[in-house]
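Notes follow the structure.
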Amino acid sequence: MRASVAAEKAGVPSVSLVATGFLRQAEAIARALGAESLGIAEYPGVPLTDSAAELREKVEGTIIEEVVRGLTTAAKASAKLVEPEATDIVFKGTLREVQERFHRNLWSDGMPIIPPTIEEVERFLGFTDRAPDQVTGVLLPENRQATVWNVAVNGVMAGCRPEYMPVLLAAVEAIADPEFRVEDAGSTPGWEPLIVLNGPIIKELDFNFGAGVMRVGRQANTSVGRFLRLYMRNVAGLRIPPGATDKGSIAQSFNVALAENEDAVAEFGWQPFSVDRGFQAGDNVVTVLSSVGPTLPTYTAGNTALDHLKTLADLWGRALVSWSLGWIAEARGYPLFVLGPAVAKVIARDGFSKDDIRRYLYNNVTTTASYVEKLAIERGTNFTFRDYVQRGVISREYCQSDDPDRRVPIFTQPEWIGIVVSGDPGRNQSKGYVQNHKQGVPVSKRISLPRSWNELRERQERLAD
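Add 9 to a position in the sequence shown, counting from 1, and you land on the number used in our numbering.
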């Protein structure tokens, strides 16, 4: 749809071929981009479940006529949506009435929210030196500006504490970065953003980095994770039905924020994840990446690095291979592995660095070429290894022979494998998170603290007592 809008603005007539299940999403995107009457030819049903005969019948009987009509009818600009100003009072009522109004208007995530009164929003603004109207970026699909003010509003609604504001701002900076591609967060895999947190702010704001690290329950981890999903819904405009812009086929719920156990990392002689991302140890950093889901919990045992890595490569490989097509075909892929502290300690004690782990996983997590090409057929993607190698999209390493059962690496580059140490130090469990290729690539931002951070935080702690 975005390509069609660009073509129309350049004076080139266009028609978008859209399957029935995507019609409302297509119309909403066109409307947000100012071309509500953009030409659309509907493919009735689900193309990948139709036979060749059914597909031909639908193309010849329906689609061709709609394409011709669309190409001969000029798209009209849609009326600009008028929304309230930042400080407008949009509703007054009881707590129950506020909840109902927000639910009906699709301004909530289906759970109770804290009403974003001017007073509460201003408390959040007190924890940043930035002006309320400062714009971080413009978020698709609904083309709204990300501002300091609307970060504070959604932070209040999500149940965050005011002192979390610097973390919230950094997270929004990350998703507003064009590299992140927030506009693709409504795609059918139904991926969720995953926040990884590093730096002294983890302890200052009481983020959990031990047992149950990815479970709801700790206010900091939970409310910050909820905030980002709520923000993407309210500001970017990504809403499931009765909204129309989020087409996650089954999807998942929000991730709580993942904080690294930097004490454990320092004990092993490793560097925290933020250093892998290009920052200095001790910097407060937020990294946001997409996750289509976690692997199963993975238990490993032994007193050597290979005791653990062999099992991790085997079990993670089985879990991740079904997503290898996207990583290979898009030549992008950033899986994130969370090593339990007890497991990481054994690996480090045996002399393995994080880079050693990455290289081992890259070399040992493989699948057959024929399986990846089978995945392409099932996803409706026109992909073969030979074609992509010839076009220079992927490395020649993938086509060293024509044997369909040759083994190929599922990770695109070893240095793109993320490693975080977190979780229960008293158990031998690790877990992986499956990132969605070029959609939601990891973006890291330094957390900017206000000049009077320590005084503000101390005052907030006194108020809480």
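Note that CB positions come from ideal geometry on N, CA and C, so glycine has one too.
Suppose the cutoff is 7 Å on Cβ atoms and the five residues either side in sequence are ignored; what does the same chain contact list for residue i look like?
i: Arg436; result: Gly349, Ala351
i: Asp359; result: Thr313, Ala314
i: Glu192; result: Leu149, Pro150
i: Gly278; result: Ala357
i: Pro22; result: Leu80
i: Val402; result: Ala340
i: Arg405; result: Val398
Would you say residue i and residue j are within 7 Å of each other, going by their C-beta atoms?
i: Val147; j: Gly432; result: no
i: Pro306; j: Gln438; result: yes
i: Val181; j: Asn230; result: no
i: Asn207; j: Pro303; result: no
i: Val160; j: Leu178; result: yes
i: Pro481; j: Ala378; result: There is no way to answer for residue 481, as the model of the chain reaches only from 10 to 474.
i: Ala268; j: Phe189; result: no
i: Arg235; j: Ala167; result: yes
i: Phe394; j: Ala338; result: no
i: Pro144; j: Gln154; result: It should be pointed out that residue 144 corresponds to Val in this sequence rather than to Pro. The answer is yes: Cβ separation under 7 Å.
i: Leu203; j: Leu298; result: yes
i: Asp118; j: Leu247; result: no
i: Val205; j: Ile456; result: no
i: Val274; j: Val430; result: yes
i: Gly389; j: Leu57; result: yes
i: Lys256; j: Gln34; result: yes
i: Pro344; j: Ile211; result: no
i: Arg110; j: Phe100; result: yes
If distances are taken between C-alpha atoms only, which option among the options comes closest to residue i?
i: Ile73; options: Phe236, Val24, Glu92, Glu106; result: Val24
i: Gly79; options: Pro125, Gln34, Ile49; result: Ile49
i: Glu94; options: Ser117, Ser60, Pro141; result: Pro141
i: Glu467; options: Leu178, Ile38, Phe136; result: Phe136
i: Gln448; options: Arg327, Glu106, Arg65, Glu201; result: Glu201
i: Leu370; options: Gln409, Gly168, Gln422; result: Gln422
i: Met116; options: Pro250, Gly54, Ser331; result: For clarity, residue 116 is Trp in the given sequence; the question names Met instead. Ranking Pro250, Gly54, Ser331 by Cα distance to Trp116 puts Pro250 first.
i: Phe31; options: Thr390, Ala12, Val381, Val55; result: Val55
i: Ala328; options: Ile419, Ala12, Thr71; result: Ile419
i: Arg341; options: Glu106, Thr309, Glu75, Val450; result: Val450
i: Asp97; options: Thr126, Gly119, Val77; result: Thr126
i: Glu382; options: Asn372, Val355, Asp411, Ile366; result: Asp411
i: Leu318; options: Ile366, Ala290, Leu47; result: Ile366
i: Glu17; options: Tyr52, Thr82, Glu69; result: Thr82
i: Glu128; options: Arg105, Val165, Met120, Ile122; result: Val165
i: Glu66; options: Pro53, Arg33, Val76; result: Pro53
i: Ile259; options: Ser333, Asp364, Ser196; result: Ser196
i: Ala15; options: Ala28, Gln261, Leu47; result: Leu47
i: Leu472; options: Thr103, Arg170, Lys101, Val76; result: Arg170
i: Asn152; options: Glu92, Asp215, Asp323; result: Glu92
i: Ala194; options: Asp323, Ala253, Phe111; result: Ala253
i: Asp59; options: Glu75, Arg33, Ala28; result: Ala28
i: Leu104; options: Glu63, Pro121, Val76; result: Pro121
i: Asp537; options: Phe216, Asp215, Ala245, Phe263; result: Because the chain here runs from 10 to 474, residue 537 falls outside it and cannot be looked at.
i: Trp462; options: Glu75, Glu172, Glu131; result: Glu172
i: Gly311; options: Lys354, Pro459, Asn373, Glu75; result: Lys354
Ordered along the chain, which non-local residues of its own chain (more than five positions away) have a Cβ less than 6 Å from that of residue i?
i: Asp272; result: none
i: Phe346; result: Ile428, Gly441
i: Val301; result: Pro198, Trp200, Val443, Asn445
i: Pro124; result: Val107
i: Met174; result: Phe133, Phe136, Thr137
i: Ala220; result: Asp433
i: Lys454; result: Ala179, Glu182, Ala183, Val295
i: Trp158; result: Ala95, Pro141
i: Leu237; result: Ala180, Pro202
i: Trp332; result: Val443
Who does residue i pair with in a DSSP beta bridge?
i: Ser258; result: In the DSSP output, where bridge partners are listed per residue, Ser258 has none listed.
i: Thr103; result: Paired residue(s): none; Thr103 is not in a bridge.
i: Pro303; result: Tyr442
i: Glu51; result: Val27
i: Val144; result: Thr156
i: Lys454; result: Val295
i: Pro2; result: This structure cannot settle anything about residue 2, because the visible part of the chain is limited to 10 through 474.
i: Leu267; result: Val205
i: Thr377; result: Arg416
For residue i, which residues in the same chain have their Cβ closer than 8 Å to its Cβ, ignoring the five residues on either side in sequence?
i: Gly20; result: none
i: Thr375; result: Gly326, Arg416, Val417, Pro418, Ile419
i: Val284; result: Ala290
i: Glu213; result: Arg466
i: Arg368; result: Pro423
i: Pro209; result: Gly291, Asn293
Does any residue of chain B have a CB that is nearer than 7 Å to the CB of residue i?
i: Tyr380; result: You won't find chain B in this structure, because it holds only one protein chain.
As an exercise, report each continuous alpha helix (DSSP H) stretch of at least 4 residues that is fully enclosed by the stretch 307 to 370, in chain order. 314 to 329, 333 to 338, 350 to 358
Kindly provide the ranges of any alpha helix (DSSP H) runs that are 4 or more residues long and lie completely inside the stretch 385 to 451, ordered along the chain. 394 to 399
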